[in-house]
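Take a look at the structure set out below.
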Amino acid sequence: MTHHRQKIRTLAAEAAMILGGFIFGTSEFAAMGLLPEMAKANGVAIDFAGASVTSYALGVVFGAPLIAIISARTPRHLSILVLLAIGAVGNILTSLTGNFPMLIVARFVSGLPHGAYFGIAALIAAAMAGHGRRAQAVARVMMGLSIANLFGSPIATFIGESTNWRIPYFLLGAVALVTALGCHLTIPKMPAAEGSGAAKEMGALARPQVWLTFAIGSLGLSGLFAVYTYLVPTLISVTGIGEQKAPLFLVIIGCGMVVGNFFGGWLADKGVMRAIGLLLTLNVITFALFLVSVHSAVLIAVAAFLAGFSALALVAPLQARLMDVAGHAQSLGAMLNGCAINVANAVGAALGGALITTKYGPASTGVVGVGLGIAALVVFSISLKIERHHHKWLSLG
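Here the sequence shown stands for residues 2 to 398, where the numbers follow the numbering used here.
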């Protein structure tokens, strides 16, 4: 195969995997916009219906390590097809559920392949890109998640509100099957890592740097979800933005995510640990800015863009770091990033929700962002110190 044809095939494979990421991201985020319709259709209170969002997140967290162990010896080009098929089944089941317990089960099934998909897609993209362009290739694949937030979720919400909440999920399931065909046609045969197996994948969990990186991601990304989840109430009750204009700021966050995603990949290819340190610092500065800008529409727009930018810019460097420190457990290491994002979602939203019930109200979510960002920097410093100490002993040996 000529270099030109190889490049075209690589771009086509990345496009197919981006579409897969868009499907999984939209499946997760659309539930937040469709929650009122889902609650009404199932005859439950909206706060109770929120269990469907939690169920999806639990599927992600449990699914990643489980799938990594089960599929340890499965060729990666086949694994990604199976993951898309499971996602398709989960979304179609969601659209066909007849009661709320069935909906919870369907959302759990939908979440199972989420983290595993992004992990396997990252490994495939990194292998196809080659040395020196790995993180940028990972960032391109992760772009599907950013686009889902910017366009997928609003479109799915619009379709669901205009017709029936079930239709977006059925469409996502159908498109997932078409995407699987696209991946089959474009991704070259890619065997599992030599000597891989369940025991080696589980070995990643015995590596301190894997857990430290997981903690950095869980803490560093939590601030975004603390602010993002309660941004609209903050804009309406504190900033004084009209209810109709408030969604524009969600688009601004989405734009920041898209730009940050590419920047993070570019920066990581120049030095993974330096990229993580710089972006964590920017995270803290961003949420400090959010704290002092809630009374200004212009300043909060800047803070919203930076919140999306700094958080999503972290994803590709963290993904590369997990792949670096996981040793032979590449699949599980790569999949843990998706778990960290969902843990961040749960932690950030919970802490933000707890704080806004105090006398400080919605504007206080920035405090959560600053606090968690500082905590992530502390864990990063510990990770860096351990690594330098390790390298020092290796050089002495």
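Positions of the beta carbon are idealized from the N, C-alpha and C atoms, including for glycine.
Taking residue i as part of the alpha helix (DSSP H), name the residues at either end of that continuous run.
i, result
"residue 210", "209-230"
"residue 55", "52-71"
"residue 270", "Taken as a continuous stretch (DSSP letters only), residue 270 belongs to no alpha helix (DSSP H), as it is neither H nor E."
"residue 92", "77-97"
"residue 236", "Premise fails: residue 236 is in no alpha helix (DSSP H) and is neither H nor E."
"residue 149", "Residue 149 -> no alpha helix (DSSP H), and no H or E assigned at all."
"residue 322", "298-326"
"residue 129", "115-130"
"residue 176", "167-187"
"residue 438", "Nothing in the structure corresponds to residue 438, since the chain is present only between 2 and 398."
"residue 359", "Counting along the chain, residue 359 falls outside any alpha helix (DSSP H), and DSSP gives it neither H nor E."
"residue 160", "154-163"
Looking only at C-alpha atoms, which of the options sits nearest to residue i?
i, options, result
"residue 265", "320, 300, 178 and 230", "320"
"residue 129", "251, 10, 295 and 390", "10"
"residue 76", "377, 332 and 388", "332"
"residue 150", "181, 334, 315 and 25", "25"
"residue 82", "305, 181, 232 and 163", "181"
In angstroms, rounded to a whole number, what distance separates the CA positions of residue i and residue j?
i, j, result
"residue 74", "residue 235", "48 Å"
"residue 309", "residue 90", "31 Å"
"residue 291", "residue 318", "24 Å"
"residue 179", "residue 32", "22 Å"
"residue 171", "residue 225", "29 Å"
"residue 107", "residue 97", "9 Å"
"residue 386", "residue 343", "27 Å"
"residue 362", "residue 390", "44 Å"
"residue 88", "residue 351", "27 Å"
"residue 29", "residue 110", "12 Å"
"residue 38", "residue 184", "33 Å"
"residue 339", "residue 315", "12 Å"
"residue 230", "residue 34", "11 Å"
"residue 271", "residue 101", "48 Å"
"residue 367", "residue 6", "48 Å"
"residue 12", "residue 278", "30 Å"
"residue 254", "residue 134", "27 Å"
"residue 163", "residue 328", "49 Å"
What is the C-beta distance between residue i and residue j, in whole angstroms, given that I count them as a contact (C-beta under 8 Å)?
i, j, result
"residue 139", "residue 157", "Not really, about 25 Å apart at Cβ, beyond 8 Å."
"residue 186", "residue 22", "About 18 Å separates the two Cβ atoms, so there is no contact after all."
"residue 293", "residue 375", "Contact flag wrong, Cβ pair sits at about 17 Å."
"residue 148", "residue 18", "With 8 Å as the limit, residue 148 and residue 18 do not qualify as a contact, their Cβ atoms being about 12 Å apart."
"residue 262", "residue 323", "Residue 262 to residue 323, Cβ: 17 Å. No contact."
"residue 213", "residue 384", "4 Å"
Please indicate yes or no: does the CB of residue i lie closer than 8 Å to some heavy atom of the ligand SAH?
i, result
"residue 87", "Among the ligands in the structure shown, none appear at all, so the ligand SAH cannot be discussed."
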